[in-house]
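Quick mapping for you: the protein sequence lines, in order, are chains P and U. Heads up: the first sequence is residues 109 to 348, going by my numbering. Heads up: the second sequence is residues 142 to 262, going by my numbering. Shown next, in structure tokens, is the structure this report addresses.
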Amino acid sequence: MMSEYIPQTLSDFLHSPFFGIPLTILAYQSGVFLYSWSRANTLLQPVVTGIIFVMMSITLLNIPYSRYFESVEIIHFLLSTATVALAIPLYNNLHHIKANIWPLLLTLAISGIIASASAVFIAWSFGASIEVMLSLAPKSITTPFAIAVSESIGGYSSLTAGFVIFTGVVVAVSATPIFKWLNINDPVIQGSAMGMIGHGIATARALELNNKTGAFSALSMGLMGLYTSIFLPYVVRFFL
Amino acid sequence: MSLRHNLTTLPYLVLIILFQLSGEFIHNSLHIPVPGAVIGMLLFFIYLCLTRGSSTNLIDSGSKLLKHLPLLFIPAGVGIITYTHELKTQGIAIIASLTLGTLVAFVLTLLIFKKVNRNDV
Chain P
109 MMSEYIPQTL
119 SDFLHSPFFG
129 IPLTILAYQS
139 GVFLYSWSRA
149 NTLLQPVVTG
159 IIFVMMSITL
169 LNIPYSRYFE
179 SVEIIHFLLS
189 TATVALAIPL
199 YNNLHHIKAN
209 IWPLLLTLAI
219 SGIIASASAV
229 FIAWSFGASI
239 EVMLSLAPKS
249 ITTPFAIAVS
259 ESIGGYSSLT
269 AGFVIFTGVV
279 VAVSATPIFK
289 WLNINDPVIQ
299 GSAMGMIGHG
309 IATARALELN
319 NKTGAFSALS
329 MGLMGLYTSI
339 FLPYVVRFFL
Chain U
142 MSLRHNLTTL
152 PYLVLIILFQ
162 LSGEFIHNSL
172 HIPVPGAVIG
182 MLLFFIYLCL
192 TRGSSTNLID
202 SGSKLLKHLP
212 LLFIPAGVGI
222 ITYTHELKTQ
232 GIAIIASLTL
242 GTLVAFVLTL
252 LIFKKVNRND
262 V
């Protein structure tokens, strides 16, 4: 039975129902290689390189996105599993909450609304469509949450995935100049803001600045993801 | 990494998938708009708190999955190619929202934290 899935030629390989799995892993590995080769250049995120690599491959091979997606559905399923596993870093960083609980939760409560509202408001004032605004709303939360929220509120989850990465890069690149400009040196404040607005990509940058900044960024990214993915669907349900 | 070590990973992976599926089930059956994976994460988080982190093996298994998290974004991310029309017609709105909106939110978050932190002390 399984033998019919063993590819003999390139064309057989492309007709295999799972052709996208090795392609995706190869694309990701080249992204990881390029990232470490560039000594962790924020603009060369492995996921960005990986996405572009797959896009170019399927365009050149004339494979529709829907067929690629079907072949890698198991990877997309594991994204949900990994989202559940995000409880682990949140649990591990829980002790950081205790000393800073009130400023942290108060900032989170306001920041979550600002992050979504500013994105939607600016897009609205430039005349964006409802679907694009809904895809922008969860842009500050970590990709697995953002994709799930976008799907559930009626945005385009693929666009959201791209928007989230872009947002993270904006925060990672602008963080140090903004800290200097506002004269903010407390790693707790720096890290929390980076994680709340710039999720995982900014957290990677925060870890380069300082361990404590990184820990608070990781914690805040988890809290922000959880908070936004709970309130946003209700807000959208109320308005639409 | 030994085979024995990998075999101990599997039951924990199954446990995490069970939380994931319970989350999906609650999302669908109770019509809660919160995504199933997020509900699953909350349940798993409560489980970790109740069991005081459970076992180091469980933590290791989950962390292994998270190590390659960016790989798992690729299938959805590639889908951007099906939205070239939106990107062409609403590109300015999108870029403005992503850069300006993000910078505004970032600066405000820093200022708010600084303010509430000072009031707290």
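Even glycine gets a Cβ: it sits at the ideal position worked out from N, Cα and C. Source: prediction; values computed, not measured.
- Hey, how far is the Cα of P/G168 from the Cα of U/G218? The residue labelled residue 168 of chain P in the question sits at position 60 within the first sequence. The residue labelled residue 218 of chain U in the question sits at position 77 within the second sequence. Note on residue identity: the sequence assigns Leu, not Gly, to residue 168 of chain P. Linking P/L168 to U/G218 through their CA atoms gives a straight-line distance of about 18 Å.
- Message: Assuming the contact rule is C-beta atoms closer than 8 Å, P/V192 and U/M182 should be a hit. Round their C-beta distance to whole Å, please.
- Response: Here residue 192 of chain P is taken as the residue at index 84 of the first sequence, counted from 1. Here residue 182 of chain U is taken as the residue at index 41 of the second sequence, counted from 1. Between P/V192 and U/M182 a beta carbon distance of about 5 Å is seen, short of the 8 Å cut, so the two are scored as contacting.
- Message: Is it buried or exposed, U/D187, if we count other Cβ atoms within 10 angstroms and call 16 or more buried?
- Response: Stepping through the second sequence from its first residue, residue 187 of chain U is reached at position 46. For clarity, residue 187 of chain U is Ile in the given sequence; the question names Asp instead. Classification for U/I187: exposed.
- Item | Within 7 Å, strictly: CB atoms of P/T215 and U/F254 | As a position in the first sequence, residue 215 of chain P is number 107, starting the count at 1. As a position in the second sequence, residue 254 of chain U is number 113, starting the count at 1. Taking the C-beta atoms as reference points, U/F254 is found nearer than 7 Å to P/T215.
- Task: Write down every uninterrupted run of the alpha helix (DSSP H) in the segment 183 to 251 of chain P whose length is 4 residues or greater and which is fully enclosed by it, in chain order.
- Result: Counting whole runs of 4 or more residues, the segment 183 to 251 of chain P contains the alpha helix (DSSP H) stretches 195 to 200, 202 to 207, 209 to 233 and 238 to 244.
- Query: How big is the Cα-Cα spacing for P/M164 and U/T150?
  - Reply: The sequence position of residue 164 of chain P within the first sequence is 56, counting from 1. The sequence position of residue 150 of chain U within the second sequence is 9, counting from 1. If you take the alpha carbons of P/M164 and U/T150, they lie about 35 Å apart.
- Where U/P174 and P/A269 are concerned, what is the direct C-alpha to C-alpha distance, given to the nearest angstrom? For the purposes of this step, residue 174 of chain U is taken as the residue at position 33 of the second sequence. For the purposes of this step, residue 269 of chain P is taken as the residue at position 161 of the first sequence. If you take the alpha carbons of U/P174 and P/A269, they lie about 19 Å apart.
- Item | Residues, ordered as in the chain, of the segment 264 to 281 of chain P that lie near chain U by beta-carbon distance below 7 Å | Under the 7 Å Cβ criterion, the segment 264 to 281 of chain P contributes Y264, S265, S266, L267, A269, G270, F271, F274, T275, V278 and V279.
- Between the C-alpha atoms of P/Y173 and P/S248, what's the straight-line distance to the nearest angstrom? As a first step, residue 173 of chain P is located in the first sequence; it is residue number 65 there, counting from the start. As a first step, residue 248 of chain P is located in the first sequence; it is residue number 140 there, counting from the start. Between P/Y173 and P/S248, the C-alpha separation is close to 26 Å.
- Could you list which residues in chain U have their beta carbon closer than 7 Å to that of P/S144, in chain order? Here residue 144 of chain P refers to the residue found at position 36 of the first sequence. Think of a sphere of 7 Å around the beta carbon of P/S144: no beta carbon from chain U falls inside it, the nearest being about 13 Å out.
- Task: Taking 7 Å as the cut-off, decide whether the C-beta atoms of P/A312 and P/M302 are in contact.
- Result: Within the first sequence, the letter at position 204 stands for residue 312 of chain P. Within the first sequence, the letter at position 194 stands for residue 302 of chain P. Inclusion of P/A312 and P/M302 in the CB contact set at 7 Å is not warranted, their separation being larger than that value.
- Item | Minimum length 3: unbroken beta strand (DSSP E) runs contained in the segment 147 to 195 of chain U | Fully enclosed beta strand (DSSP E) runs of 3 or longer: not present.
- Query: Does the beta-carbon distance from P/S337 to U/P176 come in below 7 Å?
  - Reply: What you label residue 337 of chain P is simply residue 229 of the first sequence in a count that begins at 1. What you label residue 176 of chain U is simply residue 35 of the second sequence in a count that begins at 1. Contact flag set, yes.
- Expressed to the nearest angstrom, what Euclidean distance is found between the alpha-carbon atoms of P/M109 and P/S124? Residue 109 of chain P sits at position 1 when you count from the first residue of the first sequence. Residue 124 of chain P sits at position 16 when you count from the first residue of the first sequence. Note that P/M109 scores a pLDDT of 48, beneath 50, so its modelled location is shaky; the value from the coordinates is reported in the next line. Looking at the two C-alpha atoms, the distance is approximately 13 Å.
- Query: Hey, how far is the Cα of P/A236 from the Cα of U/S238?
  - Reply: Taking the first sequence and counting its residues from 1, one reaches residue 236 of chain P at position 128. Taking the second sequence and counting its residues from 1, one reaches residue 238 of chain U at position 97. Straight-line spacing of the CA atoms in P/A236 and U/S238 works out to 10 Å.
- Query: So, is the C-beta of U/P216 closer than 7 Å to a C-beta in chain P?
  - Reply: On the second sequence, residue 216 of chain U is found 75 positions in, with the first residue counted as 1. Contact with chain P is found for U/P216, since one of that chain's Cβ atoms lies less than 7 Å from the residue's Cβ.
- Query: Under 7 Å between C-beta atoms, does U/M142 make it to chain P?
  - Reply: Counting from one through the second sequence, the residue named residue 142 of chain U turns up at place 1. Because U/M142 sits at a pLDDT of 46, beneath the cut-off of 50, its placement in the model cannot be relied upon, and the point is left open.
- Query: Quick one: what's got a C-beta closer than 7 Å to P/A326's C-beta in the same chain, skipping five residues either side?
  - Reply: Your numbering for residue 326 of chain P matches position 218 in the first sequence. For P/A326, the CB contacts under 7 Å within the same chain, skipping 5 residues up- and downstream, are P197, N201, G303 and T311 in chain order.
- Query: Between P/L131 and the rest of its own chain, which residues show a CB-CB distance below 7 Å, the 5 nearest in sequence each way excluded?
  - Reply: Taking the first sequence and counting its residues from 1, the one referred to as residue 131 of chain P is at position 23. Once the five neighbours on either side are set aside, the close Cβ partners of P/L131 are V162 and S165.
- Item | U/R283 - DSSP class collapsed to helix/strand/coil | Since the first residue shown for chain U is 142 and the last is 262, residue 283 of chain U is missing from the structure and cannot be characterised.
- Same chain, Cβ closer than 8 Å to P/Y143, five either side skipped, listed in chain order: Residue mapping note: residue 143 of chain P aligns to position 35 of the first sequence, counting from 1. Closer than 8 Å at Cβ, skipping near neighbours: N149, L152, Q153, P154 and T157.
- Task: With a cut-off of 8 Å on the beta carbons, I'd call P/V240 and P/A231 a contact; round off their distance for me.
- Result: Here residue 240 of chain P corresponds to residue number 132 of the first sequence, with the count starting at 1. Here residue 231 of chain P corresponds to residue number 123 of the first sequence, with the count starting at 1. Right, the Cβ-Cβ distance comes to about 6 Å (below 8 Å), so this counts as a contact.
- Query: Do P/V296 and P/N208 have their C-beta atoms within less than 7 Å of each other?
  - Reply: The residue you call residue 296 of chain P lines up with position 188 of the first sequence. The residue you call residue 208 of chain P lines up with position 100 of the first sequence. The Cβ atoms of P/V296 and P/N208 sit closer than 7 Å to each other.
- Task: Taking only the alpha-carbon atoms, compute the straight-line gap between P/E181 and U/N258 and give it to the nearest angstrom.
- Result: Numbered from its first residue, the first sequence carries residue 181 of chain P at position 73. Numbered from its first residue, the second sequence carries residue 258 of chain U at position 117. P/E181 and U/N258: Cα-Cα distance of roughly 45 Å.
- Kindly list, in the order they appear in chain U, the residues whose Cβ is closer than 8 Å to that of P/Y335. If you number the first sequence from 1, residue 335 of chain P lands on position 227. Ordered by position in chain U, no residue passes the 8 Å Cβ test against P/Y335, which lies about 10 Å from the chain.
- Query: Between which two residues does the alpha helix (DSSP H) carrying P/Y264 extend?
  - Reply: Here residue 264 of chain P refers to the residue found at position 156 when the first sequence is read from its first residue. Unbroken run through P/Y264: none, as it is neither H nor E.
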